[in-house]
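Q: Residue numbering for the first sequence follows our numbering, starting at 86 and increasing by one per position.
The beta carbon of each residue, even a glycine, is placed where N, CA and C say it ideally should be.
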Amino acid sequence: MTTSAPTSATTTPRGGVERYDPATIEAKWQERWAADGLYRTADRVPGKENWYALTMFPYTSGDLHVGHWFAMAPSDALVRFRRMQGYNILFPMGFDAFGLPAENAAIKGGLHPQDWTYANIERMRGQLRRMGASFDWDREVITCAPEYYRWTQWWFAQLYRQGLAYRGEALVNWCPSCNTTLANEQVVDGKCERCDTLTEQRMMSQWFFRTTRYAEQLLANEDLDWPEHVKLMQRNWIGRSEGAEVAFALEEPTATGVDEIRVFTTRPDTLFGVTFMVLAPEHPLVRQITTPRRRKAVGEYVQAAARKTEIERQSTEVTKTGVFTGAYCVNRLTGDRVPVWVADYALATYGTGAVMGVPAHDQRDFDFAKQYRLKVKVVIAPYTGKAKARLTEAYVEPGLAVNSGQFDGMPNTEMKTAVAAYLAERGWGGPRVTYRLRDWLISRQRYWGAPIPIVHCEEHGAVLVPDDQLPVELPYDVEFRPTGESPLALSEAFVNTTCPECGRPARRETDTMDTFMCSSWYFMRYADARNPIEAFSSAGAEAWLPVDQYTGGSEHATMHLLYARFFYKFARDINMVTGDEPFTRYFSQGQILGPDGRRMSKSRGNVVAPDDQVARWGADCFRAYLMFLGPWEQGGPYDVDGIVGVSRWLNRLWTLVVDPPTRTGGPEGGPLASELRRAAHSTLERVTEDLGRYRMNTMIAALMELTNTLQDARATGEADRAAWDEAVELLLLMLAPSCPHIAEELWTRTGHGQDASRGSVHVQPWPAFDPALAARDVVEIAVQVNGRVRERLELPADADEATARAAAEALPKVAEHTTGHEVVRVIYVPGRLLNIVVR
RNA sequence: GCCGAAGUGGCGGAAUGGCAGACGCGGCGGUCUCAAAAACCGCUGAGGGCAACCUCGUGUGGGUUCGAAUCCCACCUUCGGUACCA
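1. Look up G916 in the DSSP assignment and say whether it is helix, strand or coil.
2. Give the list of continuous alpha helix (DSSP H) stretches no shorter than 4 residues that lie fully inside the stretch 736-809.
3. For P98, does the three-state DSSP call read helix, strand or coil?
4. Who are the Cβ neighbours of V927 in its own chain at under 7 Å, not counting the five residues just before and after it?
5. What distance in whole Å lies between the Cβ atoms of F155 and Q674, which are believed to be in contact at a cut-off of 8 Å?
6. Would you list the one or two residues that DSSP bridges to G328?
7. Measure the alpha-carbon distance for A857 versus Y105 and round it to whole angstroms.
8. Give the DSSP bridge partners of W426, in chain order.
9. Going by Cα to Cα distance, which pick from L370, V427, G358 and T360 is closest to E385?
10. Based on DSSP bridge pairs, tell me the residues matched to I677.
11. Going by alpha carbons, who is nearest to T265 out of D274, R252, C280 and Q212?
12. Using a Cβ-Cβ cutoff of less than 6 Å, which residues in the same chain neighbour R910 once the five nearest sequence positions on both sides are dropped?
13. CA-CA distance, R701 and I827?
14. Give the straight-line distance between the Cα atoms of V580 and D596, rounded to the nearest whole angstrom.
15. Quick test of the definition: if touching needs 3 or more C-beta pairs under 8 Å, does the stretch 477-487 touch the stretch 332-341?
16. Is the beta carbon of V423 sitting closer than 8 Å to the one on T341?
17. Assuming the contact rule is C-beta atoms closer than 8 Å, P107 and G703 should be a hit. Round their C-beta distance to whole Å, please.
18. Count the other CB atoms, across all protein chains shown, that sit within 10 Å of the CB of E829; report buried if there are 16 or more and exposed otherwise.
19. So A158 and L549 are supposed to be a Cβ contact under 8 Å. How far apart are they, rounded?
20. According to DSSP, simplified to helix, strand and coil, what is K393?
21. In terms of residues, what are the limits of the alpha helix (DSSP H) holding T350?
22. If I measure Cβ to Cβ from E666 and keep anything under 7 Å in the same chain, skipping five residues before and after, which residues do I get?
23. Within the chosen definition, does the stretch 783-791 reach the stretch 855-875 through at least 3 CB pairs nearer than 8 Å?
24. If you measure between the beta carbons of S604 and H645, is that distance less than 8 Å?
25. Do you know whose CA, among A895, R834 and E901, lies nearest I110's CA?
26. What would DSSP say about T202, mapped onto helix, strand or coil?
27. Indicate whether the contact test is met: 3 or more Cβ pairs, each with one atom in the stretch 168-179 and one in the stretch 721-729, closer than 8 Å.
28. Who pairs with T583 in a beta bridge, going by DSSP?
29. Which residues in the same chain as Y779 place their Cβ atom closer than 6 Å to its Cβ, once the five residues preceding and following it in sequence are excluded?
30. Give me the residue from T419, V363 and V870 with the minimum Cα distance to G407.
31. Quick one, which of D885, E313, D862 and M781 has its alpha-carbon nearest V164's?
32. Pull up the DSSP beta-bridge partners for L485, would you.
33. Could you give the first and the last residue of the continuous alpha helix (DSSP H) run that contains N189?
34. Assign W606 to one of three DSSP states: helix, strand, or coil.
35. Specify, as a first and last residue, the run of the alpha helix (DSSP H) that P695 falls within.
36. Relative to the C-alpha of I537, which residue among E760, W292, S622 and D452 is closest?
Right, dumping it as structure tokens:
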């Protein structure tokens, strides 16, 4: 690599001392480590415990951005630390390579998605190498490679065989610009996550995975060593609700013999207060029960609702709309005749798609009732006082049942279970749990994804492609026209095939799989990435799974991280892996922002290019600066001016080691020697602890402090040679995780590691911390009077309270504030302070 | 609206019941230099004082405590998630 060195660094050699030149040493060591296979992973190493560390693989967008560095560089530092602690490490890297942008680039620029993707991978590999991270490239995974997606298809087949993959007609989110369906998670504010176009609702035949079957297991995430807010996000996303299902009798059964409307409610205690029913516009019963006279109005309403986008639906929040179907049903508990309405505040995709209207005790129902002058019936009264005769809003607080037949007088919290049980007894419904989580829609009408391994046969319907015929390969030669059908549908060579059951002509499924499918199991493939006959071997799984430490952004909390958990539980159920969870520990780093404190984007012109930073300052410096910026979990603005501080530090450190003090003839074990030694060992304590708690910023600060101490020692001259060498050696070992190149270079220059595979600083054991060496024997404590600091005092570290108090009281400034007052109390915190409380 | 995280010098941040501002940026002054850059040294929360020192100060208001940035209550602001989920 030939990048221009910092303008200042090479121009003026200082007194003949060689200057720190990151470009040269970084290129040298990257080559050397690769040649020595320093980071190649064996499944087992005698005497070492395995540790699987993973950082989320990048999408093949073409360039590594600062966010990738911010995620990966500290992850690499943690890995290097663990490696030095004696673990056998798996730290792989790969590429999330399927997805829409490649295809959009193809439509726009005439580049084939595959060529676009592989060119990007080539580029990104180089950028990742220059990071100096200790990835094991021998296990690289590329999700768009047939050797990989063969197994993605295999997973589909497994799920299909277990009844967890199914085809269903469903109302789906449709992006008119991308011409494809989107998962709920990919719709942001009613807009397509990728292109910001308003999405629509369409009814289509799609492939789904039954994620809801695992809802309860996915919900149980409390014990994971993950950030609490991420676990909470997942729980909210799954959204478990306890309540009851209630069947209302239709007054007139439909032509097809349906005689009930089923609703889900979390408030069975308000069942006596039902005054109307609401069906979602897409509810299958709507057409069937609407009376001839209402048909026109209902038809128009349903059509209008279908045209509405998510945003429009949300903007109607103030006024609820709906139409009466003309039909009635019966509340079996009361015998009441209840009108059935259609309204789009009922969601087709939640619960049963129908709602019982209890205006007195639900604000939405109240608003609707007010709008259409429907009856309001109070069935819960406050514990104290009387129910209001005329409500101005729904009463949603707890209370006692009224107007509720045999339940009158019962606290409503009790009544919930009582009514549910009563319903079950009569066969009118019963207790029920519902989740907000929907099944995972995996169909995409796009080319650049793994084809769904299904063949449609006239006689046999949807037939799975046999495992031995996988992969179903993507044809290279296709036309890219955004028609709303996958370009695959236009490829005769792809579509036309034969039925695996009967051998007669059949058509291939042309939908491809959501790319989240590829990333749901990539971490398992790493365990045995080159296996040509299985997704991975059980030996590989035993050696490495589950992942010990996962790092990545929390923007994946409700998608990738949830899907990966689903996949892992499924893998467990088909005996592929052991354990229940894929990621034992997960750490989510914050987001790095532009210098202006806003999200980096080309349109704002606030993008910082990592390549430029590396060229100017070196990879070590850039890595360390990203760690030094602030708490890793917080992220924050990238200040382009601040990095110079880290650069200065590395320069000073370099000079200190390359040009050590000349007068190191100080007395052995003198005061300076013990001070140096103490500083080195207390730094070791801090750095070890900080790394263990992901506190990269204070870890770097501690290393800077030790460097400053060494510099002071050099300035004063009288350093003990042994103490100096020990401190430098410790500093370099502690520097190795964050700044691997300079640490390695200085390590060899201080007489270590001639044979890189054995002598590399990166294979040294992490130094053991000795508390005795880190301890001070004289400490300064604060002396307070009534909580105000009045004086400072030097004391032996083990001084007792009486000694401390006597010394404190002898101080004139303390006496000034205590004489003439009565001492009420004395608080002594050894090593910290002495507080004299007077009256 | 609901859920979550966070508010500390000019700036990024440190300190999670014990000396607020570690470490770094920026600024000011100095050494070296013909000069500049680099490097190095010193100062740098605010107000007052010639000074030693004193007072104030961690979003706002209250509380607990010998002692609160840190714990409790109420509120304000910013950022993230979610949003008619019955």
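A: The short version:
1. Looking at G916 - three-state DSSP - the assignment turns out to be coil, as it is neither helix nor strand.
2. Within the stretch 736-809, the complete alpha helix (DSSP H) runs of at least 4 residues are 756-777 and 781-801.
3. In this predicted model, P98 has a pLDDT of only 39, less than 50, meaning its place in the structure is not dependable; the value taken from the coordinates is given anyway. Correct three-state label for P98: coil.
4. This structure gives no information on residue 927, because the portion of the chain shown stretches from 86 to 924.
5. Indeed they touch by this definition, with Cβ atoms about 6 Å apart.
6. Looking at the DSSP output, G328 bridges to R517.
7. Per the coordinates, the alpha-carbon of A857 lies some 35 Å from the alpha-carbon of Y105.
8. W426 has V363 and F409 as its beta-bridge partners, per DSSP.
9. E385 has its Cα closest to that of V427, out of L370, V427, G358 and T360.
10. Note: I677 sits in a beta bridge opposite G721.
11. Comparing Cα-Cα distances from T265 to each of D274, R252, C280 and Q212, the minimum goes to C280.
12. Excluding residues within five positions, the ones whose Cβ falls inside 6 Å are V922.
13. Rounded to the nearest whole angstrom, the C-alpha separation of R701 and I827 is 16 Å.
14. Between V580 and D596, the C-alpha separation is close to 11 Å.
15. Look at the beta carbons and you see the stretch 477-487 not touching the stretch 332-341: under three pairs across the two are nearer than 8 Å.
16. No, the Cβ-Cβ distance between V423 and T341 is not below 8 Å.
17. Contact holds; Cβ gap of about 3 Å.
18. Result: buried.
19. The pair is not a contact, with the Cβ atoms about 43 Å apart (cut-off 8 Å).
20. Coil, per DSSP.
21. According to the DSSP assignment, T350 belongs to no alpha helix (DSSP H) but to the beta strand (DSSP E) extending over E345 to T350.
22. Around E666, the same chain offers L309, P631, R650 and Y653 as residues with beta carbons nearer than 7 Å, after the five sequence neighbours per side are excluded.
23. Touching, no, given that fewer than three Cβ pairs across the two stretches are closer than 8 Å.
24. With respect to H645, S604 sits close: the two C-beta atoms are nearer than 8 Å.
25. The shortest C-alpha separation from I110 is found at R834.
26. Helix at T202.
27. Segments in contact, no.
28. According to DSSP, which records beta bridges pairwise, T583 is partnered with P590.
29. Apart from sequence neighbours up to five positions away, the residues of its chain that approach Y779 with a beta-carbon distance below 6 Å are F672 and W717, ordered along the chain.
30. Of T419, V363 and V870, the residue nearest in Cα terms is V363.
31. If we check each option's Cα against that of V164, M781 comes out closest.
32. Paired residues: A466 and P496.
33. Segment L185 to G194, the alpha helix (DSSP H) holding N189.
34. Look at W606 here: in three-state DSSP terms it is coil, with no helix or strand label.
35. P695 to W702 is the extent of the alpha helix (DSSP H) around P695.
36. Residue W292 is the option with its Cα nearest to I537.
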